[in-house]
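Engineer: Structure below; questions to follow.
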Amino acid sequence: MTTISPTAVSPTRAWTWDRLRKYLVIPAFSHLIMAVTVVVIMFPMIYAFIISTQTPAEYTQFPPRFLPGAALMENVAHSWERINMGRLLMNTSIVALTVSIGKIVLSVLAAFAFVYFEFRGKTFFFVLILITHMLPLPVRIVPTFELIDAFNWINTYSGLTIPFFASATGVLLFRQLYRTIPPSLADAARIDGAGPLQFLWSVVVPLSRTNMAALFLIEFIYMWNQYLWPLIIANADRTRVVQIGLKQLVDTDAAINWNYVMAGVVLAMIPPLLVLVLLQRSLIEGMSLYEEK
Numbered sequence: 002m003t004t005i006s007p008t009a010v011s012p013t014r015a016w017t018w019d020r021l022r023k024y025l026v027i028p029a030f031s032h033l034i035m036a037v038t039v040v041v042i043m044f045p046m047i048y049a050f051i052i053s054t055q056t057p058a059e060y061t062q063f064p065p066r067f068l069p070g071a072a073l074m075e076n077v078a079h080s081w082e083r084i085n086m087g088r089l090l091m092n093t094s095i096v097a098l099t100v101s102i103g104k105i106v107l108s109v110l111a112a113f114a115f116v117y118f119e120f121r122g123k124t125f126f127f128v129l130i131l132i133t134h135m136l137p138l139p140v141r142i143v144p145t146f147e148l149i150d151a152f153n154w155i156n157t158y159s160g161l162t163i164p165f166f167a168s169a170t171g172v173l174l175f176r177q178l179y180r181t182i183p184p185s186l187a188d189a190a191r192i193d194g195a196g197p198l199q200f201l202w203s204v205v206v207p208l209s210r211t212n213m214a215a216l217f218l219i220e221f222i223y224m225w226n227q228y229l230w231p232l233i234i235a236n237a238d239r240t241r242v243v244q245i246g247l248k249q250l251v252d253t254d255a256a257i258n259w260n261y262v263m264a265g266v267v268l269a270m271i272p273p274l275l276v277l278v279l280l281q282r283s284l285i286e287g288m289s290l291y292e293e294k
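Read in order, the letters of the sequence shown correspond to residues 2 to 294 in this note's numbering.
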């Protein structure tokens, strides 16, 4: 009786398939997923820019026209004058810069204290700070508003910025970084006669620059996009921010001219995009360092 053995898989064929899967199939699939993700994320911004260059007759036609028009400067000029865009951008920049810098300063000082000083209840206070991270602004909005009103900070930059200075994320980020600094550096600085503040400024802060840039970028974009708190706290023209101003382009009794609205949106996107381009490398390095810790 003749026994027929199963056909053996050629080692060369298996090796070739493994190489194809590793160097062709998986990379191709990964790049496809990334391309789809980029298209999904970028399409709203690209389409907003296209609408900002068109006239109402162009963006209302069917089928939709996905090519830029020639009315960009006219739409931008109308939006700029209609809502005083220059003032709005200045106010928003002041708020975003103040909060970003304030968060970095307080986070660095708090993290430095948690790592290099011993005091009663240190762990309790650190956990308490982390708990505040789980309380979003809408949960705290009523007591925060009452406190701001008690200080007479309604329609002021102080009311727009100071409630956002505390940052559990920043404290955690810098605390994890400072715990990796060799204790010998602090001992050497102490032997050389350097005080805590001098050690902080001369050693700790230079080592924190990447994390500072990453936190600055995150907080700047976060504050630039704030809508709820400025809507409640800033009703005067002198303190109104760009997100509230854009709504004025929509609040109209007549038909909404989306070309003007999108022109304002494009103007509002420019500052955070510039900050992102300038600091994206620091953001990637800072987040990579945070993951390693």
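All residues carry an ideal CB built from backbone N, CA and C; glycine is no exception.
Pull up the distance between the alpha-carbon of Leu1 and that of Asn236, whole angstroms please.
Structural biologist: This structure cannot speak to residue 1, because the chain is shown only from 2 to 294.
Engineer: Does DSSP classify Pro12 as helix, strand or coil?
Structural biologist: Confidence in Pro12 is poor, its pLDDT being 49 and thus under 50, which makes the residue's placement unreliable; the coordinate value appears in the next sentence. Reduced to three states, the DSSP call for Pro12 is helix.
Engineer: Relative to the C-alpha of Leu89, which candidate in Leu275, Pro231, Gln55 and Ala256 has its C-alpha closest?
Structural biologist: The shortest Cα separation from Leu89 among Leu275, Pro231, Gln55 and Ala256 belongs to Pro231.
Engineer: Assign Ile271 to one of three DSSP states: helix, strand, or coil.
Structural biologist: Here Ile271 sits in helix by DSSP.
Engineer: Determine the burial state of Met1: buried for a count of at least 16 other Cβ atoms within 10 Å of its Cβ, exposed for fewer.
Structural biologist: Nothing can be reported for residue 1: it is not among the residues displayed for the chain, which extend from 2 to 294.
Engineer: Give the straight-line distance between the Cα atoms of Lys104 and Pro65, rounded to the nearest whole angstrom.
Structural biologist: Computed Cα separation, rounded: 45 angstroms.
Engineer: Going by DSSP in three states, Arg176 sits in which element: helix, strand or coil?
Structural biologist: Residue state, collapsed to three classes: helix.
Engineer: Determine whether the beta carbon atoms of Thr54 and Leu73 lie at a separation below 8 angstroms.
Structural biologist: Their beta carbons are under 8 angstroms apart, which means Thr54 touches Leu73 by this criterion.
Engineer: Excluding the 5 residues preceding and the 5 following Leu1 in the sequence, name in chain order all residues of the same chain whose CB lies nearer than 7 angstroms to its CB.
Structural biologist: Residue 1 is absent from the structure shown; the chain starts at 2 and stops at 294.
Engineer: If you follow the alpha helix (DSSP H) that Tyr228 is part of, which residue opens it and which one closes it?
Structural biologist: Taken as a continuous stretch (DSSP letters only), Tyr228 belongs to no alpha helix (DSSP H), as it is neither H nor E.
Engineer: Where does Arg282 land, buried or exposed, given buried means 16+ other C-beta within 10 angstroms?
Structural biologist: So Arg282 counts as exposed.
Engineer: Can you tell me where the alpha helix (DSSP H) holding Trp81 begins and where it ends?
Structural biologist: Leu73 to Arg83 is the extent of the alpha helix (DSSP H) around Trp81.
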